[in-house]
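Take a look at the structure below.
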Amino acid sequence: MTGFARLRPDLQWNLLQDGQEQLLLAEDPLGYAPAPVALSAAAAPLLEALWTSTSWEEFRRQISLAPEEFEELRPTLEQFLRELDEHYLLLSPRFEQRRLQWEQEYRLQPVRPAALAGISYPESPEALRATLTEALLQAPRAALPARPYAAVIPHIDLRVGIASYAAAYRVLEELRPELVVILGTSHYGWHAPYILTEKDFQTPLGTLQTARELVQALHERCPHATTLTDVAHRPEHSIEFQLLFVQHLFGDAPPQILPILVTSFAEYVESGIEPEGAAVGDFAAALSELVAASGKRALWIASADMAHIGPKFGDSDSAHALAPDAQAADRALLEALQHGDYRSYFRHIAHLGDRYRICGLPPVYTLLAALRPRQGILLDYRIWHEAETRSAVSFASLVYVA
922 MTGFARLRPD LQWNLLQDGQ EQLLLAEDPL GYAPAPVALS AAAAPLLEAL
972 WTSTSWEEFR RQISLAPEEF EELRPTLEQF LRELDEHYLL LSPRFEQRRL
1022 QWEQEYRLQP VRPAALAGIS YPESPEALRA TLTEALLQAP RAALPARPYA
1072 AVIPHIDLRV GIASYAAAYR VLEELRPELV VILGTSHYGW HAPYILTEKD
1122 FQTPLGTLQT ARELVQALHE RCPHATTLTD VAHRPEHSIE FQLLFVQHLF
1172 GDAPPQILPI LVTSFAEYVE SGIEPEGAAV GDFAAALSEL VAASGKRALW
1222 IASADMAHIG PKFGDSDSAH ALAPDAQAAD RALLEALQHG DYRSYFRHIA
1272 HLGDRYRICG LPPVYTLLAA LRPRQGILLD YRIWHEAETR SAVSFASLVY
1322 VA
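The opening position of the sequence shown corresponds to residue 922 in the numbering used here, with each subsequent residue numbered one higher.
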């Protein structure tokens, strides 16, 4: 590598303790870097400068070196950048070449392959079915006053949240949907409010067919709100985890799927303006109308987590210190969700400036705006603490009944 290159802003960084040494672990959720990279925590000022600088001169000022000192250290710094670039951690020509190649290859694929098999869940179909069966058997079957037709279900890693998934799917297992609409949080793409795909989805349990006619109709109805540039689906877990249960429960008569990633509502939160206007409202109305017009028995799922707190997510305090207030805020949100009140749900989050980083806001709001349900039933609520990062994520399962 020659010249200066910035640090990629889409990497995930965790501070870890290895004996007496603190390490920064760089992970690439998009998968361009082949493996996590561990760096000494002492490199943090250099990494921060690499993230905010656009030239060697700006970088020099960021790390507060006089010109003569910088020139002495420059060979060492250039070697440091070359090592980062070897792992595809910089916005360099080498990384751009890899990105374009991967995206082109993905665009040409008719099927989206599983991204988390063998990582978050077993790769073997037999082992995976055993895991899902066990989780469902351990989940209590809640008595519902009417037939469920929609749900809010977590997308947290199955290794820590499978019981909450099972709480929802336990009461959905007798349904026989012809179409499953899945609105998932988009963690890796921001091309448009709604990221569509015409690809079928493959997991160890087989391949589910995407309802392409609905995808095309949605894009035609809402070109301002949607994109078919679908590379964000490649690494995304928020839809993949739901499909495992869908295949496990409904595999004897596999439904079609309508997989939709919903991008950030940050602009609405910051302005306090309801998302229901313009693109979001148009899309929710179109989605509702087109699914109804298809005549298919539909199951609707919002794949969504709740609060993200602690140093891993930018807080100075630990999750244990923040949890009482975060869970009080969660209770207000769950109350709104049980009444299908998406406006109050949004207002609670916006009032706090999304203090607790509710990543499920976009898909949940869209589902509720599309369906206008009146009765939601809370089945499960949990908070998972990650000890090594002193951070936590809360999540819940709810179903909506007719």
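In this text, a Cβ means the ideal position worked out from N, Cα and C, and glycines have one as well.
Run of the beta strand (DSSP E) containing phenylalanine 1122, from where it starts to where it stops: Start and end: 1121–1124.
Alpha-carbon to alpha-carbon, threonine 1106 and glycine 883: Outside the displayed span of the chain (922 to 1323) sits residue 883, for which this structure offers no information.
Distance between serine 961 and arginine 927 (C-alpha atoms, nearest Å): Near 19 Å, if we compare the C-alpha coordinates of serine 961 and arginine 927.
Anticipated Cβ contact below 8 Å, alanine 1072 with tyrosine 1321, distance rounded: Right, their Cβ atoms sit about 7 Å apart.
Contacts around serine 1265, its chain only, beta-carbon distance under 6 Å, and the 5 residues preceding and following it disregarded: Closer than 6 Å at Cβ, skipping near neighbours: Ala1257.
Validate contact between the segment 1048–1059 and the segment 1079–1092 using beta carbons, cut 8 Å, 3 pairs: Yes, the segment 1048–1059 touches the segment 1079–1092.
Helix, strand or coil at aspartate 1246 [DSSP, three-state]: Per DSSP, reduced to three states, the secondary structure at aspartate 1246 is helical.
Cβ shell of valine 1152 (< 6 Å), same chain only, five flanking positions each side left out: So the list reads Glu1024, Tyr1027, once near-sequence residues are dropped.
Segment limits, beta strand (DSSP E) that includes valine 1322: The continuous beta strand (DSSP E) containing valine 1322 extends over residues 1312–1322.
When Val958, Ala963, Ala956 are compared against glutamate 942, the one with the closest alpha-carbon: Comparing alpha carbon positions, the residue from Val958, Ala963, Ala956 closest to glutamate 942 is Ala963.
Length at least 3, wholly inside the segment 1062–1106: the beta strand (DSSP E) runs in chain order: Note on the segment 1062–1106: whole beta strand (DSSP E) runs with a minimum of 3 residues are 1069–1074, 1100–1106, in chain order.
Ranges of the alpha helix (DSSP H) found wholly within the segment 1174–1232, counting only runs of at least 4: Runs found: 1187–1192, 1199–1215.
Beta-bridge pairing of alanine 1305 - partner residues as DSSP gives them: At residue 1305 the sequence reads tryptophan, which differs from the alanine that was named. In the DSSP secondary-structure assignment, tryptophan 1305 is bridged to Val1314.
Beta-ladder partner(s) of isoleucine 1116, from DSSP: Paired residues: Thr1148, Leu1182.
Integer Cβ distance of glutamine 1168 from isoleucine 1222, believed to fall under 8 Å: Contact flag wrong, Cβ pair sits at about 13 Å.
Contacting residues, own chain, Cβ-Cβ under 6 Å from histidine 1154 (five flanking each side not counted): Cβ neighbours of histidine 1154 beyond the five flanking positions: Arg1033, Thr1118.
Residue closest to proline 1232, alpha-carbon to alpha-carbon, out of Glu1007, Ser1312, Glu1044: Nearest C-alpha to proline 1232 among Glu1007, Ser1312, Glu1044: Ser1312.
Close Cβ partners of histidine 1112 (< 6 Å) along its chain, the five nearest in sequence each way excluded: Beyond the five residues adjoining it in sequence on each side, histidine 1112 comes within less than 6 Å, by CB distance, of Thr1148, Thr1150 in the same chain, given in chain order.
C-alpha distance - leucine 1104 paired with serine 1318, whole-angstrom precision: Going by the C-alpha atoms only, they are around 15 Å apart.
Environment of histidine 1145 [buried if 16+ CB atoms lie within 10 Å]: Answer is exposed; the Cβ neighbour count stays below 16.
Beta-carbon spacing of proline 1046, leucine 1165 below 8 Å: Taking 8 Å as the Cβ cut-off, proline 1046 and leucine 1165 do not qualify as a contacting pair.
At least three beta-carbon pairs within less than 8 Å, the segment 1128–1138 to the segment 1203–1215: Contact between the segment 1128–1138 and the segment 1203–1215 is present, with at least three C-beta pairs closer than 8 Å.
Cβ pair proline 1098, phenylalanine 1001 closer than 8 Å: Contact: no.
Best match in Phe1267, Pro1061, Phe1016 for proximity to tyrosine 1090 [C-alpha to C-alpha]: Considering only alpha carbons, the answer is Pro1061.
Of the residues Pro1176, Leu1079, Ala1067, the one placed nearest valine 1092, counting alpha carbons only: For valine 1092, the nearest C-alpha among the options comes from Ala1067.
Given 8 Å, three or more beta-carbon pairs between the segment 1189–1209 and the segment 1035–1050: No: fewer than three Cβ pairs fall under 8 Å.
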